[in-house]
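Student:
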Amino acid sequence: MALKIYSTDIREALEIPYVGGVKAGFPSPAQDYIEASIDLNKELIKHPSATFIARVTGDSLKDAGLNIGDLVIVDKSEDFIHGRMAVCFIDGEFTAKYLNLKDKDKGIIWLHSANEKYEPIKVTSENDFVVWGMVIDIIKKPPVMEF
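For the sequence shown, position 25 (counting from the first letter as 1) is numbered 25 according to the UniProt record's numbering, and the numbering increases by one without interruption.
1. Using DSSP with H/G/I as helix, E/B as strand and the rest coil, what is A114?
2. Taking K141 as the reference, which of N67, S113, D39 has the closest Cα?
3. So, helix, strand or coil for D63, using DSSP?
4. Figure out for me which residue from A36, L44, S37, D39 has the closest Cα to the Cα of V135.
5. Distance cutoff 8 Å, beta carbons only. Does Y98 sit that close to anything in chain B?
6. Smallest Cα separation from S125: which of S113, W132, I109?
7. Which residue comes first and which comes last in the alpha helix (DSSP H) that contains E78?
8. Express the C-alpha separation of D128 and D103 in angstroms, rounding to a whole number.
9. Helix, strand or coil for V19, going by three-state DSSP, please let me know.
10. Does the region 87-101 come into contact with the region 116-123, if we say contact requires no fewer than three beta-carbon pairs (one atom in each stretch) closer than 8 Å?
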């Protein structure tokens, strides 16, 4: 899965009205229940100087709910955690994959897709490899339902 990388540029608050919890049931006039506003910069970006955004361009994480065009928010200051999604630079290309660190003591890191048509990638000292950061959030468009 190749990615397009963007930097974050936080100049001012991006406040959006907040209506609290939204039930997926009977609709109600939410405008009457606006509680406050949320600054999306503060909500989504905890470490501005260490955060970037990448646009998904492939389908290797489709079974994790990531689709082409979705945005992943990546924090370079987060610790690398086994089983979490990360953005990595491997052999000249950015990719988003799940980290498997079980063989790290043997000098091996595995990168896993969430799509059965892709095999895990074995990363060794032979690869040009860096974990750029951990995916901390996802921004996506809702799916369209066909009737």
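We put the CB at the ideal spot given by N, CA and C, even for glycine.
Note that the coordinates shown come from a computational prediction; the quantities given were computed from them, not determined experimentally.
Tutor: From the atom records:
1. Taking the sequence shown and counting its residues from 1, one reaches residue 114 at position 114. The answer is coil: DSSP assigns A114 none of H, G, I, E or B.
2. For the purposes of this step, residue 141 is identified with residue 141 of the sequence shown, where counting begins at 1. Comparing Cα positions, the closest option is N67.
3. As a position in the sequence shown, residue 63 is number 63, starting the count at 1. In this structure, D63 counts as helix in the three-state DSSP scheme.
4. Numbered from 1 along the sequence shown, position 135 holds the residue referred to as residue 135. Of the listed residues, the one whose Cα sits closest to V135 is L44.
5. Here there is only one protein chain, and chain B is not present.
6. In the sequence shown, counting from the first residue as 1, residue 125 sits at position 125. Ranking S113, W132, I109 by Cα distance to S125 puts I109 first.
7. Position 78 of the sequence shown, counted from the start, is the residue given in the question as residue 78. Careful: E78 lies outside any alpha helix (DSSP H) and carries neither H nor E.
8. By 1-based counting over the sequence shown, the position of residue 103 is 103. By 1-based counting over the sequence shown, the position of residue 128 is 128. Their Cα atoms are separated by approximately 18 Å.
9. As a working mapping, residue 19 is identified with position 19 in the sequence shown. With a pLDDT of 49 at V19, under the threshold of 50, the predicted position of this residue should be treated as unreliable, and no value is reported.
10. yes
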